[in-house]
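Below is one structure, written out as structure tokens; comments come after it.
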Amino acid sequence: MSIIDYTPSEAVAGSKRFIEICNACRYCETYCAVFPAMTLQRSFSDYDMDYFANLCHNCKGCFQACQFAPPHEFGINLPKAFADVRNESYARYAWPAFAGSVFEKNGMILSLATMLIIALTVITTILIRSPTILFTAQIGEGAFYRIIPWDVLTLLSGASFIFSGCAIVISLSRFWRATQTHLSGRLTLKALMRALHDIATLRYLGNGGHGCNDLDDSFASYRRNFHHLVMYGFILCFAATSVATIYDHVLGLIAPYPLLSLPVILGTLGGIGLTIGCAGLIWIKIVTDPLPVSRKLMGGEYAFIALLLIIALTGLGLLMARATSAMGILFAIHLGAVLAFFLMMPYSKFVHGFYRGLALIKAAIERDRNNPLGE
Ligand code: SF4
Ligand code: SF4
């Protein structure tokens, strides 16, 4: 018995029907992690659809190869069905539950509205406190903190980060428990290492090296490359913030830092990676073949990428204009985007990395249990 009871949606019921046909057909057995995982089971629960949907990385290979894809009467379209189920799963296991369902329906509006409200609140507060400081160039040690005091920054970012962290951990633990219906193996170091390797190298996002059907039925690696840029760009930006925190709190070195300092180098490389990666992913979404794509997702997915892009652009803009009078406004917008991103993190596409990671760990455990001597 799972911890989350729900009435299966059209997408869950549809993907279960597809999976039952695929499990008899098995033509796509080598395409990705979904098919080997599916063949280890004879019957499927609704929760298994959440597991398979999060194993799917949306390469669209099975759609292009399928002899039962539309216009065939079976209408098999796993990428589209799984995309819907994935999105529903983020809302299904979200904490608090109402936030998940609100984001599922209005992700884009909610994200941009949150960013604007935070930025405008910060700007208004600064103007009330000191009408001129926002439009006056600030230079030298502590320049940022003259615009927004250090304790306000720490409180806002700390509170939103802690809230997001707790919400993500709770939803992941719900997802993990709900999808354990068939799991009887134990987590071994070998299974964990294999799953971590698959996550770090985006192993299945590229179909064994010849790419995905990103735009149409030809193989390409656009999505994989842009995805890498977003993932490692984000990690570099996070590293830049962490190093800056150590500089500030441990070494007593107050921002802004020189262009060749570690936090600025990490942040610049991360910002460039994020900008190119996000712009590339948006381009793919616009020009891709719409048939295997879930249009329902576009709002929430665009919201996630749009927020990341705004963070990257305002961060880079802040670096270039930090000694000018534009710094105050840019800083407020950047802070608004960062805080909105933190607050939306548990409900947006951001969590797919964690859900997918857990699904890959479960797949590795099941594979070991069924094949203890190795592949
Ligand atoms: S997607 Fe189509 S070809 Fe692939 S396993 Fe399923 S039914 Fe067979
Ligand atoms: S779209 Fe790609 S990853 Fe998803 S089930 Fe089909 S082959 Fe697997």
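Here the working numbering = 1-based position in the sequence shown + 14. Think of the CB as a built atom: it goes at the ideal place given N, C-alpha and C, for glycine as much as any other residue.
Rounded distance between the beta-carbons of residue j and residue i, thought under 8 Å
i: Y361; j: Y104; result: 6 Å
i: R160; j: Q152; result: 5 Å
i: R217; j: I298; result: About 20 Å; that fails the 8 Å criterion.
i: L141; j: I379; result: Rounded, the Cβ-Cβ distance is 56 Å, inconsistent with contact.
i: F158; j: P270; result: 6 Å
i: V116; j: L126; result: Not confirmed; about 14 Å, so no contact.
Residue i beta carbon near ligand 1 (any heavy atom closer than 7 Å)
i: A391; result: Since the first residue shown for the chain is 15 and the last is 389, residue 391 is missing from the structure and cannot be characterised.
i: L203; result: no
i: L92; result: yes
i: A335; result: no
i: R40; result: yes
i: C80; result: yes
i: I35; result: yes
Contacts around residue i, its chain only, beta-carbon distance under 8 Å, and the 5 residues preceding and following it disregarded
i: M122; result: G313, G314, Y316, A317, A320
i: L357; result: T128, S174, F177, S178
i: E34; result: F58
i: A113; result: A181, P360, Y361
In DSSP terms, what residue i is bridged to
i: A234; result: C226
Residue i Cβ short of 7 Å to ligand 2 heavy atom set
i: P85; result: no
i: V26; result: no
i: G75; result: yes
i: N68; result: no
i: N72; result: yes
i: C46; result: yes
i: F96; result: yes
i: Y65; result: no
i: Y218; result: yes
Own chain, CB closer than 7 Å to residue i, minus 5 neighbours either side, in chain order
i: I1; result: In this structure the chain extends from 15 to 389, so residue 1 is not present and cannot be described.
i: P85; result: none
i: G156; result: I268
i: F88; result: I35, F82
i: S23; result: E102
i: D19; result: none
i: A51; result: F66, L69, A377, E380
Cβ shell of residue i (< 6 Å), same chain only, five flanking positions each side left out
i: F149; result: S339
i: S308; result: K94, A97, D98
i: F66; result: V48
i: M15; result: Unreliable positioning characterises M15 in this predicted model, as indicated by a pLDDT of 48, which lies under 50. A coordinate reading is not provided.
i: C180; result: none
i: R381; result: none
i: G285; result: A326, G329, L330
i: L323; result: C292
i: C70; result: V48, F96
Query raised in the report: Okay, do the stretch 365-381 and the stretch 330-347 touch, 3+ Cβ pairs below 8 Å being the bar?
Result: Of all C-beta pairs linking the stretch 365-381 to the stretch 330-347, fewer than three are shorter than 8 Å, placing the two stretches out of contact.
Query raised in the report: Are three or more beta carbon pairs between the stretch 247-264 and the stretch 225-238 nearer than 8 Å?
Result: Judged by pairs of C-beta atoms under 8 Å, the stretch 247-264 does not touch the stretch 225-238, as fewer than three such pairs exist.
Query raised in the report: Are there three or more Cβ pairs, one per stretch, closer than 8 Å when the stretch 75-82 is compared with the stretch 50-64?
Result: The stretch 75-82 makes no contact with the stretch 50-64; the number of CB pairs closer than 8 Å stays below 3.
**Report entry** the stretch 243-263 in contact with the stretch 106-123 per 3-pair CB rule at 8 Å
**Finding:** No contact exists between the stretch 243-263 and the stretch 106-123.
Requested in this report: Evaluate contact between the stretch 270-286 and the stretch 326-338, counting only Cβ atoms and requiring at least three cross-stretch pairs below 8 Å.
Outcome: Segment contact: the stretch 270-286 against the stretch 326-338, three or more CB-CB distances shorter than 8 Å; contact assigned.
Query raised in the report: Taking one C-beta from the stretch 239-246 and one from the stretch 291-299 each time, how about it: are there three or more such pairs within less than 8 Å?
Result: Counting Cβ pairs under 8 Å, three or more are found: they touch.
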